[in-house]
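Chains as they are written, first to last, in my numbering: chain U, 419 to 573; chain X, 419 to 573; chain B, 419 to 573; chain H, 419 to 573.
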């Protein structure tokens with residue numbers, strides 16, 4: 419079982435999502451940085467489409483801004499401008515800054531992420547079922563999520 | 419329940435696939451023409467990737483060459499050259515020519531396909547679960563197939 | 419100086435283009451086969467755009483169907499269907515079949531083409547200025563053709 | 419004749435490029451904002467390729483960071499991180515902030531740019547030869563630049 423999300427502020431939502439509160443649903447977490455080219459070209463557009471295509475399903479898509487470099491360039495004001503310009507509408511949490519000068523933020527550290535983009539999928543029981551670093555193929559991602567959803571709906 | 423596949427010849431396989439024989443598996447049928455631009459640019463590459471990604475699952479991907487125009491340009495010799503050049507490795511059946519001068523081949527007629535590319539998905543009980551005309555999004559296709567697979571594995 | 423085009427039939431034109439007759443213009447020849455994947459995905463769409471963007475300039479874009487394999491699958495009837503389906507509107511010549519059983523057609527043999535797609539550019543004096551095998555970048559192609567056109571217009 | 423570039427700081431160069439100093443060369447100016455999606459997906463990659471393909475020619479490619487919105491998110495520190503992450507190597511100038519509270523920076527105001535991305539091309543005499551707003555096709559851009567280069571080399 420993973421530590422829960424450590425988020426200093428949520429954007430695009432009035433709530434404070436957590437793995438605990440989302441028990442019973444599939445949770446997809448896309449960890450990104452707003453100045454990470456592969457996140458911008460591939461991961462975030464994919465996550466936005468996923469957010470739209472999973473409407474009405476027992477699933478929640480979340481973004482997690484895990485800034486581990488260029489901290490001065492990727493603060494909350496910059497992230498808000500980025501979210502506005504890229505028309506991102508899914509909930510995005512700002513990973514809580516690292517402790518005692520650690521450049522790695524807290525959730526990223528606890529979950530052992532290798533970098534951005536990273537994609538994690540937790541099932542309805544909160545168990546980690548996938549953890550990918552780098553670009554993930556649309557078809558493969560759909561098959562994986564679909565199977566987890568199919569298992570849930572059958573039980 | 420749909421009429422079964424009416425195929426005059428199978429390529430890329432030693433067997434003669436049919437919906438009846440594949441009962442118990444998910445069956446994806448991609449109907450195409452070798453000179454249909456959207457089939458060549460989108461449908462066939464997607465089907466080839468699907469064939470690879472579904473290895474080891476209870477699923478079978480089939481191509482169906484439903485020639486309803488330019489019949490002289492898309493005979494078996496031409497299709498074999500096309501399959502070779504495009505490195506297609508999934509089983510492909512040639513839809514049986516239409517009866518009594520009908521330009522529409524028999525399976526295409528029986529299934530009421532609107533044109534190419536068309537994608538049909540049959541579940542383990544042989545029931546038609548999806549029938550799409552035109553380009554289908556990778557993520558949406560993966561989610562749909564995954565859910566059908568997930569339901570099967572849970573029962 | 420290259421041998422002139424050896425063409426058994428021209429499609430998409432009432433005329434019989436030749437390097438000799440086109441002296442004074444830039445001539446771009448795209449050699450392709452209708453079942454060559456890189457021609458279909460890259461070379462032919464690029465050539466079609468080039469044909470449109472060079473309207474009104476002292477330049478002529480030509481296609482050359484240089485069939486050196488799968489001859490039975492790529493005859494004139496098949497090529498006509500292909501041209502219709504892919505909405506190609508520039509003049510396309512069928513390279514004259516090889517002599518004495520040579521599988522390589524005559525222009526392809528005379529010009530020493532390595533395969534398809536190949537792109538050749540002849541200047542206003544009929545001199546070969548570029549000969550590329552494989553995919554050519556749009557920006558690089560534009561720069562090259564533009565410079566040849568610029569030189570012509572200044573002299 | 420346009421006002422010259424008004425730049426508060428140049429990055430990726432030890433010099434201070436200006437239209438006046440570059441007289442005799444073709445000058446391509448790509449005006450962008452680091453949080454403008456079409457700049458990131460299309461304009462900047464195209465400009466980077468152009469910079470590489472014009473090496474050795476009488477031409478200079480320049481970027482101009484014309485921030486007219488989200489000023490707090492796109493300061494110099496953020497731009498430096500962006501340039502590093504996106505591996506941009508051509509000279510990039512920061513357009514001088516607008517006067518008297520004008521959100522539009524000075525060069526953008528003087529040149530009447532409509533937004534980002536914008537592309538301007540000045541010939542060897544410093545005359546504006548093209549001014550495009552939005553995405554520009556690679557082939558069309560190559561043809562235009564090539565023709566201007568061809569005219570120069572012939573005179």
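Every residue, glycine too, gets a C-beta built ideally from N, C-alpha and C.
Along chain U, in chain order, which residues have C-beta atoms closer than 9 Å to that of residue i?
i: residue 459 of chain H; result: 458 and 459
So which residues of chain U does residue i contact, with C-beta pairs closer than 8 Å?
i: residue 455 of chain H; result: 503 and 504
i: residue 568 of chain X; result: 564, 565, 566, 567, 568, 569, 570, 571 and 572
Which two residues bound the contiguous alpha helix (DSSP H) that contains residue i?
i: residue 478 of chain U; result: Segment 477-483 is the beta strand (DSSP E) holding residue 478 of chain U; no alpha helix (DSSP H) there.
i: residue 468 of chain B; result: 462-471
From the DSSP output, in three-state form, read off residue i for me.
i: residue 408 of chain B; result: Only positions 419 to 573 of chain B appear in this structure, which leaves residue 408 of chain B out of reach.
i: residue 518 of chain H; result: helix
i: residue 442 of chain X; result: coil
i: residue 571 of chain H; result: helix
i: residue 532 of chain H; result: coil
i: residue 560 of chain H; result: helix
i: residue 456 of chain X; result: helix
i: residue 547 of chain U; result: strand
i: residue 423 of chain X; result: coil
i: residue 566 of chain U; result: helix
Could you check where the beta strand (DSSP E) with residue i kicks off and where it finishes?
i: residue 494 of chain B; result: No beta strand (DSSP E) contains residue 494 of chain B, which is instead part of the alpha helix (DSSP H) from 494-503.
i: residue 553 of chain U; result: Taken as a continuous stretch (DSSP letters only), residue 553 of chain U belongs to no beta strand (DSSP E), as it is neither H nor E.
i: residue 474 of chain U; result: Note, residue 474 of chain U: premise wrong, no beta strand (DSSP E); not H, not E.
i: residue 541 of chain H; result: It is not in any beta strand (DSSP E) - residue 541 of chain H carries neither H nor E in the DSSP assignment.
Pull up the distance between the alpha-carbon of residue i and that of residue j, whole angstroms please.
i: residue 571 of chain H; j: residue 454 of chain B; result: 38 Å
i: residue 520 of chain B; j: residue 490 of chain B; result: 15 Å
i: residue 496 of chain X; j: residue 460 of chain X; result: 20 Å
i: residue 478 of chain H; j: residue 531 of chain X; result: 56 Å
i: residue 456 of chain X; j: residue 535 of chain X; result: 7 Å
i: residue 596 of chain X; j: residue 451 of chain B; result: Any answer about residue 596 of chain X is impossible in this case: the structure gives chain X only from 419 up to 573.
i: residue 445 of chain U; j: residue 540 of chain U; result: 5 Å
i: residue 565 of chain X; j: residue 437 of chain X; result: 20 Å
i: residue 563 of chain U; j: residue 481 of chain X; result: 25 Å
i: residue 559 of chain X; j: residue 494 of chain H; result: 43 Å
i: residue 523 of chain U; j: residue 425 of chain X; result: 59 Å
i: residue 462 of chain B; j: residue 469 of chain H; result: 27 Å
i: residue 448 of chain H; j: residue 550 of chain U; result: 36 Å
i: residue 485 of chain H; j: residue 548 of chain U; result: 40 Å
i: residue 505 of chain U; j: residue 529 of chain H; result: 29 Å
i: residue 525 of chain X; j: residue 422 of chain X; result: 8 Å
i: residue 443 of chain X; j: residue 552 of chain B; result: 42 Å
i: residue 429 of chain X; j: residue 554 of chain H; result: 44 Å
i: residue 476 of chain U; j: residue 542 of chain U; result: 9 Å
i: residue 466 of chain U; j: residue 546 of chain U; result: 21 Å
i: residue 503 of chain B; j: residue 527 of chain B; result: 29 Å
i: residue 533 of chain B; j: residue 514 of chain B; result: 16 Å
i: residue 483 of chain U; j: residue 556 of chain X; result: 26 Å
i: residue 440 of chain X; j: residue 561 of chain H; result: 55 Å
i: residue 509 of chain U; j: residue 435 of chain U; result: 8 Å
i: residue 433 of chain U; j: residue 511 of chain U; result: 11 Å
Can you pull the chain B residues whose beta carbon is under 9 Å from the beta carbon of residue i, in chain order?
i: residue 495 of chain X; result: 488, 490 and 491
Listing by chain order, which chain B residues have their CB less than 8 Å from the CB of residue i?
i: residue 440 of chain H; result: Those do not exist, as residue 440 of chain H stays about 19 Å from chain B at its closest Cβ, beyond 8 Å.
Could you name the residues of chain H that residue i contacts, counting a contact when the two beta carbons are closer than 8 Å?
i: residue 558 of chain B; result: 471 and 560
Check the Cβ of residue i against every Cβ in chain H and list those closer than 7 Å, keeping chain order.
i: residue 499 of chain U; result: 453, 488 and 491
Since residue i meets chain U, which of its residues come closer than 7 Å, beta carbon to beta carbon?
i: residue 467 of chain X; result: 557
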